[in-house]
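Peer 1:
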Amino acid sequence: SAVISQKPSRDICQRGTSLTIQCQVDSQVTMMFWYRQQPGQSLTLIATANQGSEATYESGFVIDKFPISRPNLTFSTLTVSNMSPEDSSIYLCSVGYSNQPQHFGDGTRLSIL
Amino acid sequence: SQQGEEDPQALSIQEGENATMNCSYKTSINNLQWYRQNSGRGLVHLILIRSNEREKHSGRLRVTLDTSKKSSSLLITASRAADTASYFCATDAGGTSYGKLTFGQGTILTVHP
Chain B
1 SAVISQKPSR DICQRGTSLT IQCQVDSQVT MMFWYRQQPG QSLTLIATAN
51 QGSEATYESG FVIDKFPISR PNLTFSTLTV SNMSPEDSSI YLCSVGYSNQ
101 PQHFGDGTRL SIL
Chain P
114 SQQGEEDPQA LSIQEGENAT MNCSYKTSIN NLQWYRQNSG RGLVHLILIR
164 SNEREKHSGR LRVTLDTSKK SSSLLITASR AADTASYFCA TDAGGTSYGK
214 LTFGQGTILT VHP
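Quick note, the sequences are listed as chains B and P, same order.
In terms of my numbering, the first sequence has 42 at position 42, counting the first letter as 1, and numbering is strictly consecutive.
Take any residue in the second sequence, count from 1 to its spot, add 113: that is its number in my numbering.
1. Count the other CB atoms, across all protein chains shown, that sit within 10 Å of the CB of Asn151 of chain P; report buried if there are 16 or more and exposed otherwise.
2. Are there any heavy atoms of the ligand NAD lying less than 7 Å away from the beta-carbon of Arg175 of chain P, as far as the coordinates show?
3. I'd like the list of long-range same chain contacts for Thr17 of chain B, defined as Cβ closer than 7 Å, with 5 residues on each side in sequence excluded.
4. Quick one: Cα of Tyr148 of chain P to Cα of Leu156 of chain P, how far?
5. With a 10 Å radius around its C-beta and 16 neighbouring C-beta atoms as the bar for buried, classify Lys86 of chain P as buried or exposed.
6. Under 8 Å, with one C-beta from each stretch per pair, do the stretch 33 to 50 of chain B and the stretch 125 to 138 of chain P reach the 3-pair mark?
7. For Thr220 of chain P and Ala123 of chain P, which I take to be in contact (beta-carbon distance under 8 Å), what is that distance rounded to the nearest angstrom?
8. By how many angstroms is the C-alpha of Asp64 of chain B removed from the C-alpha of Ser111 of chain B?
9. Pull the bridge partners of Phe61 of chain B from the DSSP assignment, please.
10. Using the C-alpha atoms, what's the distance from Gly129 of chain P back to Leu92 of chain B?
11. For Asp196 of chain P, which of helix, strand or coil comes out of DSSP?
12. May I have the straight-line CA-CA distance separating Gln146 of chain P from Leu161 of chain P, to the nearest angstrom?
13. Just the chain P side, please: which residues come within less than 8 Å of Ser42 of chain B by C-beta, in chain order?
14. Going by the CB atoms, is the gap between His158 of chain P and Pro101 of chain B shorter than 8 Å?
15. How about Gly96 of chain B: is its C-beta nearer than 8 Å to some C-beta of chain P?
16. For Gly155 of chain P, go through chain B and note every residue whose CB falls closer than 7 Å to its CB, in chain order.
17. Determine whether the beta carbon atoms of Cys23 of chain B and Ile4 of chain B lie at a separation below 8 Å.
18. For the stretch 30 to 62 of chain B, list every residue whose C-beta sits within 7 Å of some C-beta in chain P, in sequence order.
19. Helix, strand or coil, according to DSSP, for Ser210 of chain P in the structure here?
20. Quick one: list the residues of chain B neighbouring Leu161 of chain P, beta-carbon separation under 9 Å, in chain order.
21. Are the beta-carbon atoms belonging to Phe122 of chain B and Ala49 of chain B less than 8 Å from one another?
22. Rounded to whole angstroms, what's the CA-CA distance from Asp120 of chain P to Ile90 of chain B? Just pull it up for me.
23. Does any residue of chain B bring its CB to less than 8 Å from the CB of Asn143 of chain P?
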């Protein structure tokens, strides 16, 4: 299975600022995904990051708020822009294969003051 | 919105007892996956069961899938204190949505020594 490294593991940020989260995979993968887990809640898909094309966002998530880059087949970033306390969550990246287990990074725990 | 529901929301048992968690979903699926999450950390993949499978085992874990009822169950036998965690089911609809997981609300399992 792929090994996924996510940075930073946690951060405390001031409202109005932006933070970029990095996700590195130890092998080339086509599909990478970004999820959000709000406090005490389950996971919700933010977007799908495909190499060489624009990310595809789920309902309720927009590119201006969560810009995503996918420069190659092993790396992706998610930026949380103009943060507010409501953005305090765990953000996780994952890699997926057709009909195979999907594996997750350890997540980035983000707190906004 | 979450596709699935899990019950119970919380389960408290003694070490050595069995724990059963149920998951229901709404649309047709390609596969269903179960995950464990310890204290808000990253997700650990447990088992993937495909839509044409009815039962899978892995160590002390047993997963069943009933596509006619759109439901799945996870059984942990001879539970241990280390099994204390949140457990999530996630469905993959496949097709053009392959890899996009829709998560249930999760079950918080507490195993008392």
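The beta carbon of each residue, even a glycine, is placed where N, CA and C say it ideally should be.
Peer 2: Reading it off the structure:
1. exposed
2. For the structure depicted, the ligand NAD is absent and the ligand set is empty, with no information on it obtainable.
3. Met83
4. 6 Å
5. Because residue 86 of chain P is not part of the residues shown, which for chain P are 114 to 226, the question remains open.
6. no
7. 7 Å
8. 20 Å
9. In the DSSP output, where bridge partners are listed per residue, Phe61 of chain B has none listed.
10. 33 Å
11. helix
12. 4 Å
13. Gln115, Phe201, Phe216, Gly217, Gln218 and Gly219
14. yes
15. yes
16. Leu92, Phe104, Gly105, Asp106 and Gly107
17. yes
18. Met31, Phe33, Ser42, Leu43, Leu45 and Thr48
19. helix
20. Asn99, Gln100, Pro101 and Gln102
21. Any property of residue 122 of chain B remains undetermined from this structure, which presents chain B solely from 1 to 113.
22. 23 Å
23. yes
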